[in-house]
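The listed protein sequences derive, respectively, from chains A and B. The working numbering applies: residue 1 is where the first sequence begins, and numbers increase by one. The working numbering applies: residue 1 is where the second sequence begins, and numbers increase by one. Every residue gets a Cβ at the ideal spot worked out from N, C-alpha and C, and that includes glycine. This structure is a prediction, so every number in the text was calculated from the model and none was measured.
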Amino acid sequence: MENKPTSGSLSSKHGQGQLYAQQSAINLSSTYNDTKIFLLPRDPAWCYAYWEVSVDKKDELVRKYGDNSLYNLWLRVYDVTSLDFDGTNAHRYFDIKINSEAINWYINVPQTNRSWCVDLGIKLSEEKFITIARSNIVVMPRYGVSALTDEQWAVLQREFERLLELSGVQMIGRSSFDIAKLMKERWEELLAISQIHGLISSGFVSSFKKEQKGQEKNFYLVADTELIVYGETMPNAKLIIQNEEYKLSSDGRFSLRMGLPDGVKEIPIKAISEDGTMEREIKFTVTRKTEWNEGSK
Amino acid sequence: MPQGYWCLVLHNHLPYVRHPEYEDFLEEDWFYEAMSETYIPILNIMENLLKDGIDFRITMSLTPPLCNMMADKLLQDRYYNKLSKLIELSEKEVWRLKDREPFYTTAKMYEQNFKICMRVYEKYNRNILSAYKNLQDSGKLEIITCNATHGFLPLMSNDRVRRAQIRMAVKDYNTKFGRNPRGIWLAECAYTYGVDKILKENEIQFFFIEAHGILYGEPRPRYGVFAPVYTPSGVAVFARDMETAHQVWSADVGYPGDPDYREFYRDIGYDTEYEYIKPYLHQDGVRRNIGIKYYRVTGRVGLDKKEPYNVHWAMEKAASHAGNFMFNREHQIRYLRNIFDREPIVVSMYDAELYGHWWYEGPKFLDYLFRKIHYDQDIFKTILPTEYLQMYSRNQIQNPSASSWGDKGYFEVWLNGTNDWIYRHLHKCEELMCAAVDRFNKDNIDQLTQRVLNQLSRELLLAQSSDWAFIMTTGTMVEYAQKRTRDHISNFQTLYYQLIENRIDHGFLNWLEYKNNIFPDIDYKIYL
């Protein structure tokens, strides 16, 4: 099976390179056999936790708390704002039941501008929570204008509101200004309103695409069609196809391959004699229609 | 005395894409296209402004990955070949379209533009970094650095690895530009608590943040986004002005969507006869964008209904948009000056690649804009952040909010269902990196161990590039981003266990050093 990218062959300059290049792992190990939980902020209202429990730790839990303990996993989310958190002094906490296969979770926190810490654990009863691992503390990104004002840099409320407006507070988070997104959106819009469909011009094809071949999940079909126009005339004639002049080969033959988008395409072919006195024209009208079907058997 | 200041910041960045193991590689085109359409044209414009005595100021981040690509011999030579082919094709185009106006004028424009690129490129012996350095030395341009591999600081696991991103950036800047960077562009403007301390340690004086970084900061900002603040550790922060962002970016009212401007998606890679274009395609012969386009945006019409591009109309439009932009700044700055007790600063931040690559007339717009600002008005002046801080050294002290300039303003673009799987692996590598450095960094460390630690640093830094998570979210070229992430993580872990288990495969190490060669003078001590 071919195992190289679409656009190139491995250069042979670097002896063993080819070997190493093909060795590179496709799948990373799914576990590092650690026992830990880590918390990341996503925005003022959400954080993301991922975790894993080592084989030894799992054995220990089963030994101590029974076979079902691994099906009784919970996240305990503590509000630890401005605290030196010791596991008991949180302002409050709430629990989330997680399914036993989960290895990560998006957590919606009930209040903005707070700090959070999460325990992964087993809940034996309302009172008895066994912590397996404790996360780092996350100070959430702020949401909303601060209530604190600075004496040295005081500003009147009304003036401040006007300033916020001038600063574009109403546009926060609403507009994304990144090229990749903009370009993709425009491309999709163009596709939607164009007569032209098919695999043209997006330019979004990766060199590495082919490596995924054979993986069922990424099963795909790529196909396109183009048009070949050919013929012959007097070797010294002038040949014009779609208003453009083309060179004839020395025996008067011609052959050219053109892009063929969906829709109707007219291809007028005209030959004019060398002295300009005679003309012959042939016109093709070609229709392309692409249908897409997805399914599984 | 002007009533206020306008500060333009262009963020120049591409991820480190360099594949010596292939003769021909698609994703390297990102670099080649940006060279021809953005970097060299803007460089050329700045040089002409300087030559013509126009007083202008531009702040530019040139990220370490981009600088390393610009300085790389292999990519320099490959770009030279690409550009030579484009010149050859553009000459053929001029001939092909000789009787067909307005296509002919457009073809002449491409020929001329590519030849200007080549002239600039050759003038600097294929290394345009020296051109930027000259401009910086003239005082008109301030080059700032960026996280070493555009790593997304808020989603890293600890401050040691965040610090390494900044230390490496400073060191690399120093080798490229002969002094320390005064400012930094935090990748994706992503700021989180404590980053300012790391910047301070590295003697960085200022950075940039999204508008709500300051608007939501504590305490309330006295001047909104129109003056810098100092973080508690004493680093200055400038926030983005949303009005100017919107004016250029917005899909509805933004300049680049004007009907007279060039349509990006009609390219001769698709529009011309196959045998004719084939020599200019990649080795696989698949039709792709070449970079020569003859149609204009026209309006909200399908690709088949686009009308021919008219160079003169487009240039006139760029000039009129420049006039409009300047007029709006005069109005905005005059208004702000009236309600403030000092001159405001309006900071406009853009991805540089917007200008030229996407908005083809963008560099020309900038050219017209700086000339007009110089000659046609005296309400405001352009300025560098350091100049503003010299004028106003006393600023409010504030704790900015964690934020980014990505969609929705925080970290979701880099942390969602398409890419959240990467963090457990990245964090593991971060942990192992610190452990390896702690264990092996001794006075008598042997050369082989040093090389391994250095290559581990490169692999980790490359794996951390925010570009991969970003691409996974946008959903295009995803395979490449996933593979790059997996490859660097896998390289890191393979090499790490070879080191720990004392069975280093020299061939593998050589191969990685050859292939992933960013930061030739890297030193693993950035992790100490």
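| query | result |
| --- | --- |
| Neighbouring residues, chain B, relative to A/S146 (Cβ below 8 Å) | Y216, G217, E218, P219, R220 |
| Beta-carbon contacts of A/P41 that lie in its chain and below 7 Å, excluding the five residues immediately before and after | C47, V138, M140, P141 |
| Local Cβ density within 10 Å of A/G214, reported as buried at 16 or more and exposed below that | Because the pLDDT at A/G214 is just 43, under 50, the model does not fix this residue reliably, and the point stays unresolved. |
| Nearest-angstrom Cβ-Cβ length linking B/T485 and B/A463, presumed shorter than 8 Å | 6 Å |
| With 16 other Cβ atoms within 10 Å as the buried cut-off, status of B/L528 | exposed |
| Contact under 8 Å by Cβ, B/A187 with B/H212 | no |
| A/I267 versus A/E281: straight-line alpha-carbon distance, rounded | 10 Å |
| Boundaries of the beta strand (DSSP E) in which A/I132 is found, first to last residue | 129-134 |
| Min CB distance A/G259 to chain B below 8 Å | yes |
| 8 Å Cβ shell around A/Y230 - same chain, five flanking residues per side excluded | R253, F254, S255, L256 |
| DSSP state of B/Y110 mapped onto helix, strand, coil | helix |
| Where B/A402 meets chain A, residues with beta-carbon distance less than 8 Å | P41, V139, M140, P141, R142 |
| Same chain only: Cβ atoms within 6 Å of A/G203, ignoring 5 sequence neighbours per side | Residue placement at A/G203 is flagged as unreliable, the pLDDT there being 44, under the threshold of 50; a coordinate-derived value is accordingly withheld. |
| Simplified DSSP assignment, three categories, for B/H312 | helix |
| Contact under 8 Å by Cβ, A/V77 with A/Y93 | yes |
| Counterpart residues of B/N12 in DSSP-defined beta bridges | B/L62 |
| Straight-line gap, B/N48 to B/I128 (C-alpha atoms, nearest Å) | 15 Å |
| At least three beta-carbon pairs within less than 8 Å, the region 182-202 of chain B to the region 73-81 of chain B | no |
| Cα-Cα separation, B/K364 to B/I45 | 8 Å |
| Near-chain A residues of the region 414-429 of chain B - C-beta to any C-beta below 7 Å | L415, D420, Y423, R424, H425, H427, K428 |
| Closer than 8 Å to chain B by CB, A/K283 | no |
| For A/A237 and B/T105, the rounded distance between their alpha carbons | 28 Å |
| DSSP-derived helix/strand/coil call for B/P219 | coil |
| Residue-chain proximity (B/G224, chain A), Cβ-Cβ < 8 Å | yes |
| Which residues DSSP lists as bridging B/C146, in chain order | B/W185 |
| At least 3 beta-carbon pairs within less than 8 Å: the region 306-313 of chain B vs the region 342-356 of chain B | no |
| Span of the beta strand (DSSP E) around B/S348 | 345-351 |
| Top-ranked residue by Cα proximity to A/V353, from A/D43, A/S135, A/W153, A/A271 | There is simply no residue 353 of chain A to check, as chain A begins at 1 and stops at 297 in what is shown. |
| A/G231 at chain C interface by Cβ criterion, 8 Å | Given the protein chain composition of this structure (A and B), no chain C is represented. |
| B/F31 to B/P20 span [Cα, whole Å] | 14 Å |
| Burial state of B/V9 (16 or more Cβ within 10 Å) | buried |
| Burial state of B/G178, where buried means 16 or more other Cβ atoms lie within 10 Å | exposed |
| Exposure of A/M316, with buried meaning 16 or more beta-carbon neighbours within 10 Å | As displayed, chain A neither begins before 1 nor continues past 297, which places residue 316 of chain A out of reach and without an answer. |
| Local conformation of B/A239 per DSSP, three classes | strand |
| Nearest-angstrom Cβ-Cβ length linking B/W414 and B/F492, presumed shorter than 8 Å | Their Cβ separation, rounded to whole angstroms, is 20 Å, which puts B/W414 and B/F492 out of contact at 8 Å. |
| Same chain, Cβ closer than 7 Å to A/A45, neighbours up to 5 away in sequence not counted | N108, V109, T112 |
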